Amino acid sequence: FTVDRGGVVVAGVGVYGGAGTYDYELELLDDVSNTNNDASHGQRWNSLQLTRGSFGPDDCQADDIVELMFDYPVYIKENVKYAIRLRNHGGRTSNGDGGVSSVKGPDGVTFTFSTCSLNFNGTTPTRGQIPYILYFSNPQDSESQASSKAMVEAQARRSTLTLAGAIVSRSAELLALA
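Counted from 1, the sequence shown has number 159 at position 159 by UniProt numbering; the numbering is strictly sequential.
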């Protein structure tokens, strides 16, 4: 998946469960194959976080979905391709059909989903185990950083002018005494 703006932080995912108990590995990866503009080697993945655990029927919410959280939230960069890999060990689970290739969240962030070279079980953007991504965002991050920088620069100018004024004033006093 990719996102269309910065300030997005992924905390976990919703996963289809089933009647049994499951041991899982949940991993978030980013595609580093485009960092050197070298598309000849296909996708190369870098693991950002790997979480392990287990869940059972009691952990499932509505529609046999359990929410699995990463150990810590992961900041997502704009227009970088990410993959979420779930290795589920146990019996059969439910799955979802009819997924879409692009979703706009209530905060205006657009997630775009595509096929992944890590897939070996038939999962596609329209069919699979992960019905949703648990995320939060601060779309104002880049704007607030810019306004913070502007405030710091303005304060630095005021301090410099105050210091220069004090130097000129002291110099005038010293010249008057000489």
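Ideal Cβ placement from N, Cα and C applies to all residues, glycine included. If you're wondering where the values come from, they're calculated on a predicted model, not measured in any experiment.
Residue i by DSSP, collapsed to three states: which one?
i           : result
residue 11  : strand
residue 110 : strand
residue 27  : strand
residue 39  : Because residue 39 sits at a pLDDT of 48, beneath the cut-off of 50, its placement in the model cannot be relied upon, and the point is left open.
residue 4   : coil
residue 158 : helix
residue 165 : helix
In terms of residues, what are the limits of the beta strand (DSSP E) holding residue i?
i           : result
residue 66  : 65-76
residue 33  : It is not in any beta strand (DSSP E) - residue 33 carries neither H nor E in the DSSP assignment.
residue 49  : 45-55
residue 19  : Where residue 19 is concerned, there is no enclosing beta strand (DSSP E), given that its DSSP letter is neither H nor E.
residue 85  : 82-89
residue 133 : 132-137
Just checking my contact of residue i with residue j at CB under 8 Å: how many whole Å lie between their CB atoms?
i          : j           : result
residue 52 : residue 25  : 5 Å
residue 15 : residue 155 : The pair is not a contact, with the Cβ atoms about 48 Å apart (cut-off 8 Å).
residue 17 : residue 66  : 5 Å
From the DSSP secondary-structure annotation, give me the bridge partner or partners of residue i.
i           : result
residue 104 : 110
residue 96  : 128
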